[in-house]
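Here my numbering is used: the first residue of the sequence shown is 289, the next is one more, and so on.
Just so you know, even glycine gets a beta-carbon here, dropped at the ideal spot from N, CA and C.
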Amino acid sequence: MLAGDFSEDYEVMVPFQALGMLGMRIDVVCPGKRAGDLIKTAIHDFEGDQSYSEKPGHRFKLTGSFATIDPDAYQGLYLTGGRAPEYLRLNPAVLRIVRHFMDRSLPVAAICHGVQILTAADLVRGRKLTAYPAVRPEVEMAGGLFVDADPEESVTDGNLATAPAWPGHPALLRDFVRLLDHGIRR
């Protein structure tokens, strides 16, 4: 799982705990940080304003070290949302990791703004996906086919599962686990 400072709190905590409950080992990593380091999360809420509100979230203890991860050791990749993807997508090592999973058709889940990492890596061209609605222009400029999904929905295209925001966790996690179970890996 790729995360960073100001990843959306639920979009780190919920998949980490839910996938762990299923017995999966999840290494949550962040460029420039090691296992045991903390990231600050942000809570994004929908309170009837023109955009979501942002509040301080929890501190999340990373479970893996970014500098030493070997993508070949993993069966899937989960991209968190929030503000972190804005700067994570600028990191060439992050883009190489994401390309590793997509080029091998391994399961990838991206929620909310996490899709920005996929657009920066030029991996959405011709793919159907969803994201937070404000990311739609970026998806379309990158050649993706944006699906206007409800917040509780998930969209799957091949090895890629996406959801607009944290209300979509049940659908996104169900789709991601299905991809992992059905072995879209080579």
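**Asked** How would you call A361, buried or exposed, if buried means at least 16 neighbouring beta carbons within 10 angstroms?
**Response** With fewer than 16 other Cβ atoms within 10 Å, it is exposed.
**Prompt:** Around the C-beta of R377, are 16 or more other C-beta atoms found within 10 angstroms, so that it is buried, or is it exposed?
**Reply:** R377 counts as buried, since no fewer than 16 other beta carbons sit within 10 angstroms of its beta carbon.
**Prompt:** Between the C-alpha atoms of P344 and D297, what's the straight-line distance to the nearest angstrom?
**Reply:** Each residue's alpha carbon lies about 9 Å from the other.
**Item:** Limits of the beta strand (DSSP E) - the one that T329 falls within
**Value:** Taken as a continuous stretch (DSSP letters only), the beta strand (DSSP E) holding T329 covers L326 to D333.
**Asked** Per DSSP, what kind of secondary structure is G345 in: helix, strand or coil?
**Response** Three-state result, G345: strand.
**Message:** Measuring straight from C-alpha to C-alpha, what distance separates T418 and E374?
**Reply:** Their Cα atoms are separated by approximately 17 Å.
**Request:** Count the C-beta pairs between the segment 429-437 and the segment 388-401 that are closer than 8 Å, then say yes if the count reaches three, no if not.
**Result:** In short, these stretches do not touch, since the Cβ pair count stays below three.
**Item:** Through-space distance from L468 to G364, alpha-carbon basis
**Value:** Approximately 7 Å, taken between the alpha carbons.
**Prompt:** Which two residues bound the contiguous beta strand (DSSP E) that contains Y366?
**Reply:** Note, Y366: beta strand (DSSP E), L365 to L367.
**Message:** Checking the sheet assignment: what are the DSSP bridge partners for F464?
**Reply:** In DSSP, F464 forms no bridge with anything.
**Message:** Just to confirm the assignment, what range does the beta strand (DSSP E) spanning D445 have?
**Reply:** First-last of the beta strand (DSSP E) with D445: V443 to D445.
**Message:** Considering only their Cβ atoms, is the gap separating R322 from F354 smaller than 9 Å?
**Reply:** Result yes, Cβ atoms of F354 and R322 sit closer than 9 Å.
**Asked** Where are the beta strand (DSSP E) runs, 3 residues long or more, that stay fully inside the segment 369-445, in chain order?
**Response** The DSSP assignment places complete beta strand (DSSP E) segments of no fewer than 3 residues inside the segment 369-445 at 396-399 and 443-445, in order along the chain.
**Asked** Just the Cα atoms here: how many angstroms apart are D337 and F304?
**Response** D337 and F304: Cα-Cα distance of roughly 29 Å.
**Asked** Hey, G352 and D315 are a contact pair by Cβ (cut 8 Å); roughly how many whole angstroms apart?
**Response** Separation of the CB atoms of G352 and D315 is rounded to 3 Å, and the pair is thereby assigned contact status at 8 Å.
**Request:** Compute the beta-carbon to beta-carbon distance between V382 and L290, rounded to the nearest angstrom, for a pair I have assumed lies under 8 Å.
**Result:** About 6 Å; that satisfies the 8 Å criterion.
**Request:** Kindly indicate which three-state DSSP category A449 falls into: helix, strand or coil?
**Result:** Look at A449 here: in three-state DSSP terms it is strand.
**Message:** Which of the three DSSP states is assigned to V316 in this structure?
**Reply:** In this structure, V316 counts as coil in the three-state DSSP scheme.
**Message:** Checking 9 Å against the spacing of the C-beta atoms, do P380 and P421 come in under that value?
**Reply:** Not in contact: P380 and P421 (Cβ atoms no closer than 9 Å).
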